[in-house]
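A.B. asks: When you read off a place in the first sequence, starting at 1, and then add 9, the result is the number in the working numbering.
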Amino acid sequence: MQQDPDVIARPPEALIGDLNPQQAEAVQYHGPALLIGAGAGSGKTRVLTRRIAWILTQFGAWPSQILAITFTNKAAAEMRERLSSLIGPVAERMWVSTFHSACVRILRRDGDRIGLKSGFTIYDTADCERLVKLIASDFNFDVKRYTPRQILARISDYKNNLTGAKELLAQYAPDFRPGTRGYHIGRIGNVEELYAVVYAEYEHRLALANAVDFDDLIVRTVELLRTQPDVAAYYHHKFRYILVDEYQDTNHAQYVLIRELAGVDAGEHPSPDARGAGRVGPAWITVVGDSDQSIYAFRGADISNIQDFEKDFPNARTIMLEQNYRSTQTILDAANAVIAHNEGRKPKKLWTSAGKGVPITGYAADTAQLEAHWIAHEIKRLHEEEGVRYSDIAVMYRANAQSRSLEEGLIQAHVPYQLIGGTKFYERREVKDALAYLQAIVNPADAINMRRILNVPKRGLGARAESIVTMYADEHGLTFWEGVEQADRIEGMTTRTLNPLKRFADLMTGLRAFAAEHDGQPSQVVARVLRESGLLDELSKSTDPQDQSRVENLSQLQSVAAEYEQNTPDATLVGFLETTALVADFDQLPDESEDSGKVTLMTLHTAKGLEYPVVFLTGMEQGTFPHSRAMEDASELSEERRLAYVGITRAKRHLYITRAAVRAQWGRSSEMMPSQFLDEIPEGLIDWKRKEAGVERMRAGWGRGSDDDWNATLDEFGDWDDDSMGTTYGGSSYGSSSHGSSSYGSASYGSSSYGSSSRSGSSYGSQAPRFGSAARERTSSSSSSGNGGAHFTYGTSASPSRSPRFGSSSASSRSGKVTTRKAAPKPHAKPASSLDRDNRLDINDFHVGDKVSHDSFGLGTVLETQDKGRNSIITVDFGSDGVKRLMLRVAPIEKL
DNA sequence: CCGCAAATATTTTTT
DNA sequence: ATATTTGCGG
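Structure, rendered in structure tokens:
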């Protein structure tokens with residue numbers, strides 16, 4: 010077979026010479042199915058890129074025959090880049106992409122075969138939520154009890170498992186016809202029927218709007234491949250080698266997609282004399298993954314995909330990579346020790362030939378602010394005294410909300426930083442508004458976006474006008490836009506409404522014409538939309554200081570469009586919208602090679618796949634990490650632990666772990682006890698700069714009760730009395746049961762009331778540095794540093810190096826509010842803390858097997874009762890909502 | 001129909 | 001604490 014002249018020829022030795030035996034074997038493996046079990050830092054990406062090069066040069070494949078799938082855009086960009094340096098610029102033209110963008114590409118080409126017209130819209134989570142809310146109000150069900158989020162989560166589950174709305178309808182609501190009004194959901198409490206009906210209606214409206222949600226990208230592609238044999242055949246013969254990264258994070262739909270794309274079940278047989286996968290028969294599949302790094306189960310990821318790989322793909326070979334090239338032995342020991350606490354996992358130990366290195370540094374701060382303060386100054390010290398580059402340092406946390414205090418600390422210490430993720434640029438209101446115009450221009454059937462902009466900016470078309478048009482459109486089987494166009498035919502229409510409607514229709518028609526003429530210049534279209542819609546006008550006239558930054562965000566949007574235009578040879582408006590929908594964090598990480606000069610802040614999830622010489626793992630507290638919502642459930646706790654494993658293994662040389670004894674969460678500060686994960690790290694590995702927070706030391710020496718008693722208290726209920734310095738403990742029986750001399754008992758983490766207590770204006774508050782006007786000034790200086798970068802461009806990935814999400818937008822929106830403080834306390838009495846409350850239920854009235862009803866979990870069965878007097882615990886199985894341990898005294902339950 | 005003030009929920013993690 | 005939703009008066 011002829012070799013693609015664009016592929017830089019590499020002698021085999023150059024591809025495997027510097028690899029260890031397992032890596033080399035994985036690169037060269039000649040066979041239809043290969044699973045690479047790649048531990049953290051084992052050179053996974055290197056093996057993957059080398060294997061692709063190997064396939065090209067040794068198996069004689071063409072670049073176009075390869076499909077490499079990653080999970081995130083970042084990973085795709087990195088792989089593309091590394092491929093590029095290995096085999097040359099031809100890599101830019103290869104299919105190296107995420108599941109989602111690969112699917113978009115396929116659907117853009119052949120989606121019309123399954124009813125997706127070109128220019129279909131991709132709804133993001135917010136769009137989907139709006140849609141469900143609309144459905145909720147049409148069907149009149151209780152949004153309080155069944156939140157759109159819950160419903161969407163359920164719909165997402167259905168989709169991830171390729172369960173169609175039709176089969177659910179047949180089972181639960183055979184009489185319902187999507188698109189009809191007046192259906193009454195049967196008996197209240199028949200949740201399945203409600204889900205089925207909403208799901209079906211949701212699908213129906215998506216179809217009417219010529220729109221898809223994120224999950225649909227996968228699902229509809231599977232549908233396309235399954236129902237259109239010729240399309241399937243095209244891809245079977247096109248992609249002869251499929252490589253999937255982070256295979257442990259694939260869900261069922263993605264698994265099926267891979268199978269369909271590869272034609273595993275198509276029944277073709279390879280020609281026996283082919284050098285590699287040949288031209289017919291199933292494509293050769295390589296998957297790479299590590300079940301210990303599966304952290305997306307909440308999104309439907311199914312570990313059994315990787316566990317069952319050898320069963321699923323005949324003649325599969327598994328190669329394990331366990332030598333770690335990233336971290337010191339100390340860091341690996343910590344990671345191994347933590348992950349070993351997960352049950353039912355295949356034992357696996359990472360090892361390294363690098364030495365022990367420095368110990369892990371630990372620090373226990375009094376408050377989140379002081380934690381940030383210490384981190385910032387430690388970073389400064391590392392930079393100034395040890396010459397560590399800022400860009401070699403990353404600060405990681407469990408949830409985005411934690412970034413706030415860390416940012417403040419870094420700003421205060423004048424440490425430059427960049428924030429990855431968080432509130433996304435494209436999710437900002439003004440940006441979404443502008444994009445909604447573009448979306449509505451491209452796809453007039455898109456009712457969600459059309460309705461969104463109907464009265465943005467204000468043009469006198471409120472809820473009333475919207476519902477008149479909707480009703481008219483529904484009655485006549487028209488789209489919302491067609492309803493607008495025919496506004497003058499609507500009965501009961503007043504001139505007061507008709508005139509602005511007509512103007513709106515004209516506006517959109519004009520914009521559409523303009524867009525059609527300038528399809529290749531999205532930036533022109535953006536400019537026109539901003540100007541003619543009045544979006545820009547409204548904001549620049551406003552006196553609200555926030556609107557100033559909104560204007561800047563809009564102008565950034567225009568620059569992004571311009572940049573896209575320049576970097577994309579066949580730029581179109583639709584293409585631009587696609588990038589905005591799929592490339593969530595546009596401020597990509599800079600190249601490894603280039604020194605951004607900034608510390609990186611990100612969530613642990615975002616950090617997966619990355620590495621830094623110095624890593625700060627922050628917020629190591631029960632309730633923060635592991636997250637309070639994941640502590641009750643064993644499988645979710647395991648996932649948290651894998652997340653900890655991921656975090657620890659990001660560090661190459663020096664790992665820091667920090668925690669705060671008091672953390673403000675939703676306005677109130679709560680006392681946090683140390684994360685159980687800290688206990689899982691062998692003590693000898695950690696060098697504590699400060700082992701206990703001030704509060705904790707005070708308590709230890711308080712005289713009344715030993716440390717164990719305190720911890721035992723915390724243990725069981727994760728809760729503190731409001732007057733914690735006092736002596737009363739809710740009156741009764743707190744036997745001085747000295748459980749567990751290790752600081753936490755094993756079985757008793759979490760209770761439903763975790764974190765509900767608070768400690769008002771305590772003395773710790775005054776210890777915290779105030780971020781007042783000083784912080785505000787510095788915010789602006791940091792914003793200029795954040796924006797001052799040059800315009801690098803790498804690859805065709807069209808990522809502006811300028812990061813839209815900080816700079817003026819986020820910084821200034823935040824400043825000016827820092828110092829505001831309510832003059833008077835709330836007039837309402839504070840709700841009693843959970844320890845004060847008492848719903849007067851008696852544990853003796855509850856027995857195993859009894860039925861109870863919970864305000865939010867619904868009907869449940871009692872599994873266990875524990876009589877502890879005032880602090881009695883009841884364990885209840887709520888079916889699909891799971892098994893919960895509730896403190897009887899505070900639980901909103903009723904015995905049935 | 002709009003604007004303002006008050007009430008209310010929100011905090012997992014991402015394509 | 002903050003963002004979004006609801007209620008009321010103009």
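Note that beta-carbon positions come from the ideal geometry of N, C-alpha and C, so glycine has one too.
These figures come from a predicted structure and were not determined experimentally.
Once the 5 residues before and after Ala209 are set aside, which same chain residues still bring their CB inside 6 Å of it?
C.D. replies: Taking the first sequence and counting its residues from 1, one reaches residue 209 at position 200. Cβ neighbours of Ala209 beyond the five flanking positions: Ala174, Leu178, Pro187.
A.B. asks: Take Arg163 as the anchor and find which of His278, Lys661, Gly309, Glu269 has the nearest alpha-carbon.
C.D. replies: Taking the first residue of the first sequence as position 1, residue 163 is located at position 154. Per the Cα distances, Gly309.
A.B. asks: Could you give the DSSP three-state label for Asn351: helix, strand or coil?
C.D. replies: On the first sequence, position 342 is the one that residue 351 refers to. Coil, per DSSP.
A.B. asks: Out of Val265, Pro291, Glu701, which one is the CA nearest neighbour of Gly276?
C.D. replies: Stepping through the first sequence from its first residue, residue 276 is reached at position 267. Comparing Cα positions, the closest option is Pro291.
A.B. asks: What number of angstroms, rounded off, separates the C-alpha of Phe503 from the C-alpha of Arg460?
C.D. replies: Your numbering for residue 503 matches position 494 in the first sequence. Your numbering for residue 460 matches position 451 in the first sequence. Looking at the sequence provided, one finds Thr at residue 503 rather than Phe. Taking the straight line joining both Cα atoms gives about 19 Å.
A.B. asks: For Asn260 and Asn170, what's the separation of their Cα atoms in angstroms?
C.D. replies: Position 251 of the first sequence, counting from 1, holds the residue named residue 260. Position 161 of the first sequence, counting from 1, holds the residue named residue 170. Distance between the alpha carbons of Asn260 and Asn170: 8 Å.
A.B. asks: For Ser549, count the other beta carbons within 10 Å of its own beta carbon; 16 or more makes it buried, fewer makes it exposed. Which is it?
C.D. replies: Start at 1 with the first residue of the first sequence, and residue 549 comes out as number 540. By the 10 Å Cβ count, Ser549 comes out exposed.
A.B. asks: Assuming the contact rule is C-beta atoms closer than 8 Å, Asp696 and Ile369 should be a hit. Round their C-beta distance to whole Å, please.
C.D. replies: Translated into positions along the first sequence, residue 696 becomes position 687. Translated into positions along the first sequence, residue 369 becomes position 360. The pair is a contact, with the Cβ atoms about 7 Å apart (cut-off 8 Å).
A.B. asks: If you draw a straight line from the C-alpha of Asn29 to the C-alpha of Glu212, how long is it?
C.D. replies: Looking up residue 29 in the first sequence gives position 20. Looking up residue 212 in the first sequence gives position 203. C-alpha separation (whole angstroms): 50 Å.
A.B. asks: Out of Gln565, Gln555, Thr518, Leu646, which has the shortest C-alpha to C-alpha gap to Val535?
C.D. replies: Residue mapping note: residue 535 aligns to position 526 of the first sequence, counting from 1. If we check each option's Cα against that of Val535, Gln565 comes out closest.
A.B. asks: Which whole-angstrom value describes the C-beta separation of Ala47 and Asp299, a residue pair presumed to lie in contact below a C-beta threshold of 8 Å?
C.D. replies: Indexing the first sequence from 1 puts residue 47 at position 38. Indexing the first sequence from 1 puts residue 299 at position 290. Confirmed, Cβ separation roughly 5 Å.
A.B. asks: Buried or exposed for Leu905, please, with buried defined as at least 16 other CB atoms from any protein chain shown within 10 angstroms of its CB.
C.D. replies: Taking the first residue of the first sequence as 1, we reach residue 905 at position 896. With fewer than 16 other Cβ atoms within 10 Å, it is exposed.
A.B. asks: Roughly how many angstroms lie between the CA atoms of Arg540 and Tyr573, to the nearest whole one?
C.D. replies: Residue numbering aside, residue 540 sits at position 531 when the first sequence is read from its first letter. Residue numbering aside, residue 573 sits at position 564 when the first sequence is read from its first letter. So the two alpha carbons sit approximately 20 Å from each other.
A.B. asks: Taking contact to mean at least 3 C-beta pairs separated by less than 8 Å, is the stretch 464-477 in contact with the stretch 518-535?
C.D. replies: The stretch 464-477 is not in contact with the stretch 518-535.
A.B. asks: Is the number of C-beta pairs between the stretch 389-404 and the stretch 680-691 that are closer than 8 Å three or more?
C.D. replies: Touching, no, given that fewer than three Cβ pairs across the two stretches are closer than 8 Å.
A.B. asks: Looking only at its own chain, which residues have a Cβ that is under 6 Å from the Cβ of Thr609, when we skip the five neighbours before and after it?
C.D. replies: On the first sequence, position 600 is the one that residue 609 refers to. Counting only Cβ-Cβ distances below 6 Å, and skipping sequence neighbours, we find Ala403, Gln427.
A.B. asks: Give every residue of the same chain whose Cβ lies closer than 8 Å to the Cβ of Lys247, excluding the five residues on either side of it in the sequence, and list them in chain order.
C.D. replies: What you label residue 247 is simply residue 238 of the first sequence in a count that begins at 1. Result list for Lys247: Ser73, Gln74, in chain order.
A.B. asks: For Thr332, which of helix, strand or coil comes out of DSSP?
C.D. replies: Reading the first sequence from its first residue, position 323 is the one you call residue 332. Sequence inspection shows Gln at residue 332; the Thr mentioned does not correspond to that position. In the structure shown, Gln332 sits in a strand (DSSP, three-state: E or B).
A.B. asks: Enumerate in chain order the residues of its own chain whose CB-to-CB distance from Leu215 is below 8 Å, with the five nearest sequence positions on each side excluded.
C.D. replies: Position 206 of the first sequence, counting from 1, holds the residue named residue 215. Result list for Leu215: Tyr132, Leu140, Val221, Asp222, Asp225, in chain order.
A.B. asks: Closer than 7 Å by C-beta to Ala182: which residues in its own chain qualify, once you throw out the five before and the five after it? Chain order, please.
C.D. replies: Taking the first sequence and counting its residues from 1, the one referred to as residue 182 is at position 173. For Ala182, where only same-chain residues beyond five positions count, the Cβ hits under 7 Å are Glu202, Ala205, Val206.
A.B. asks: Under a Cβ-count criterion, where at least 16 other Cβ atoms within 10 Å of its own Cβ denotes burial, should Asp27 be classed as buried or exposed?
C.D. replies: On the first sequence, position 18 is the one that residue 27 refers to. The residue is exposed, with fewer than 16 neighbouring Cβ atoms inside 10 Å.
A.B. asks: Quickly, what does DSSP pair Thr44 with across the bridge? List them, please.
C.D. replies: Stepping through the first sequence from its first residue, residue 44 is reached at position 35. Before going further, note that residue 44 is Leu rather than Thr in the sequence given. Per DSSP, Val296, Thr327.
A.B. asks: Determine the extent of the beta strand (DSSP E) in which Leu252 is found, giving its start and end residues.
C.D. replies: Position 243 of the first sequence, counted from the start, is the residue given in the question as residue 252. Counting along the chain, the beta strand (DSSP E) containing Leu252 begins and ends at 250-253.
A.B. asks: What residue from Gln378, Thr376, Met329 has the CA that sits closest to Lys355's CA?
C.D. replies: For the purposes of this step, residue 355 is taken as the residue at position 346 of the first sequence. The shortest Cα separation from Lys355 among Gln378, Thr376, Met329 belongs to Met329.
A.B. asks: From Leu95, His109, Thr581, Gly52, pick the residue whose C-alpha is nearest to that of Thr79; which is it?
C.D. replies: Indexing the first sequence from 1 puts residue 79 at position 70. Out of Leu95, His109, Thr581, Gly52, His109 has the C-alpha closest to the C-alpha of Thr79.
A.B. asks: On the DSSP bridge assignment, give the partners of Phe625 in chain order.
C.D. replies: Translated into the one-based positions of the first sequence, residue 625 becomes position 616. Looking at the DSSP assignment, Phe625 forms a beta bridge with Val404, Tyr665.
A.B. asks: If the criterion is Cβ atoms closer than 8 Å, does the pair Leu92 and Val113 meet it?
C.D. replies: Your numbering for residue 92 matches position 83 in the first sequence. Your numbering for residue 113 matches position 104 in the first sequence. Taking 8 Å as the Cβ cut-off, Leu92 and Val113 do not qualify as a contacting pair.
A.B. asks: Please specify which runs of the alpha helix (DSSP H), each continuous and at least 4 residues long, are wholly inside the stretch 107-147, giving them in chain order.
C.D. replies: Runs found: 108-119.
A.B. asks: Going by beta carbon distance, what residues of the same chain come within less than 6 Å of Glu380, once the five residues before and after it are set aside?
C.D. replies: The count along the first sequence starts at 1 and reaches residue 380 at position 371. These residues qualify, in order along the chain: Ala374, Thr667, Ala669.
A.B. asks: Mapping DSSP to helix, strand and coil, what is Thr189?
C.D. replies: For the purposes of this step, residue 189 is taken as the residue at position 180 of the first sequence. It is coil, neither helix nor strand.
A.B. asks: Please give me, in chain order, every unbroken run of the alpha helix (DSSP H) with length at least 4 that falls completely inside the stretch 636-715.
C.D. replies: Counting whole runs of 4 or more residues, the stretch 636-715 contains the alpha helix (DSSP H) stretches 643-657, 685-689, 703-709.
A.B. asks: Which residue wins for smallest C-alpha separation from Arg55, given the options Leu613, Gly618, Arg672, His636?
C.D. replies: The residue labelled residue 55 in the question sits at position 46 within the first sequence. For the residues Leu613, Gly618, Arg672, His636, the minimum Cα distance to Arg55 belongs to Gly618.
A.B. asks: For Leu266 and Arg390, I'd like the C-alpha separation in whole angstroms.
C.D. replies: Locating residue 266 in the first sequence gives position 257, counting from the first residue. Locating residue 390 in the first sequence gives position 381, counting from the first residue. Taking the straight line from one Cα to the other gives about 50 Å.
A.B. asks: Within 10 Å of its beta-carbon, does Gly519 have 16 or more other beta-carbons around it, so buried, or fewer, so exposed?
C.D. replies: If you number the first sequence from 1, residue 519 lands on position 510. With fewer than 16 other Cβ atoms within 10 Å, it is exposed.
A.B. asks: Answer with buried or exposed for Met707, where buried requires no fewer than 16 other C-beta atoms within 10 angstroms of its C-beta.
C.D. replies: Counting from one through the first sequence, the residue named residue 707 turns up at place 698. Counting Cβ neighbours within 10 Å, Met707 comes out exposed, since fewer than 16 surround it.
A.B. asks: Whose C-alpha, out of Ser51, Glu22, Phe318, is nearest the C-alpha of Trp63?
C.D. replies: Looking up residue 63 in the first sequence gives position 54. Nearest of Ser51, Glu22, Phe318 to Trp63, Cα basis: Glu22.
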